[in-house]
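Residue numbers (my numbering): 2 to 176. The C-beta atom is built at its ideal place from N, Cα and C for all residues, glycine as well.
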Amino acid sequence: MIKGKCWVADDYVMAYDIIISEYWTSPIDPVENSKMVMAGVKDEFNKENGFKDNDFTFIVANHNFAGGGKSIEHVITGLMGAGIRAVFATSFARLQFRNAINYGLPFITSDDEMHLGCETGDELEYDADKGIIRNITKGTEFTSIPAAPFVSEVAASGGLMNFVRDKIAKGEPIE
Numbered sequence: 002m003i004k005g006k007c008w009v010a011d012d013y014v015m016a017y018d019i020i021i022s023e024y025w026t027s028p029i030d031p032v033e034n035s036k037m038v039m040a041g042v043k044d045e046f047n048k049e050n051g052f053k054d055n056d057f058t059f060i061v062a063n064h065n066f067a068g069g070g071k072s073i074e075h076v077i078t079g080l081m082g083a084g085i086r087a088v089f090a091t092s093f094a095r096l097q098f099r100n101a102i103n104y105g106l107p108f109i110t111s112d113d114e115m116h117l118g119c120e121t122g123d124e125l126e127y128d129a130d131k132g133i134i135r136n137i138t139k140g141t142e143f144t145s146i147p148a149a150p151f152v153s154e155v156a157a158s159g160g161l162m163n164f165v166r167d168k169i170a171k172g173e174p175i176e
């Protein structure tokens with residue numbers, strides 16, 4: 002169960018706006034990447050730690066979250082470094098969806114109306130096993146596709162590389 006405050010995207014959020022191009026060459030590091038995360042999305046976030054300092058746990062978005070055609074891993078590490086523990090949207094860009102799995106950040110396909118039923122600052126609670134997202138602030142509930150067991154295991158391990166290392170160390174098959 003994950004509980005925390007959400008940020009609701011006003012519109013389509015591109016990968017190129019989550020991490021603006023001048024930061025694509027920085028090392029892939031959650032602390033470094035989080036400093037300017039969302040700088041291209043809203044002017045108020047276009048300063049060091051502008052997004053991170055709001056202590057958001059979740060992002061609620063509409064369609065094709067993190068699209069833009071380039072697989073920029075900085076997007077995922079930046080969101081994680083900023084404290085994001087799950088992103089809910091009606092759809093995701095395929096490249097960033099895979100990056101999210103690799104790093105253990107749940108990108109959750111949610112109810113079509115969730116982005117309309119939440120406001121920035123609402124307190125949410127997410128039950129990954131049941132696929133239930135509760136808006137504690139408003140007393141409403143949304144459904145999502147429950148996280149696949151493999152994705153949940155990768156997230157619990159802290160990313161794909163840790164998952165594989167753990168399996169090898171235990172002598173378990175990777176399925």
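- Judged by DSSP in its simplified three-state form, I19 adopts helix.
- N136 is bridged by DSSP to L125 and T141.
- Secondary structure of A90 (DSSP, three-state): strand.
- In the DSSP annotation of this structure, the continuous segment of the beta strand (DSSP E) that includes G5 starts and ends at I3 to V9.
- For V61, the uninterrupted beta strand (DSSP E) run begins and ends at F59 to V61, by DSSP.
- Annotated three-state conformation of I109 is strand, per DSSP.
- One Cα belongs to W8, the other to I137, and the distance between them is close to 14 Å.
- Using a 10 angstroms sphere on the CB of G84, the tally of other CB atoms reaches 16 or more, which defines it as buried.
- In summary, L117 is exposed, with fewer than 16 beta-carbon neighbours lying within 10 Å of its beta-carbon over all protein chains present.
- Under the three-state reduction of DSSP output, F151 falls in the helix class.
- Segment contact: the stretch 46-54 against the stretch 92-108, fewer than three CB-CB distances shorter than 8 Å; contact not assigned.
- Assigned with DSSP and collapsed to three states, F52 falls in coil, not helix or strand.
- With distances taken between CA atoms, G41 lies nearest to V14 out of S92, S158 and V14.
- Short of 7 Å from the beta carbon of S72, and not among the five residues preceding or following it, lie these beta carbons of its own chain, in chain order: L96 and N100.
- If you ignore the 5 residues before and after E74, its C-beta comes within less than 6 Å of the C-beta of I29 and N100, all in its own chain and listed in chain order.
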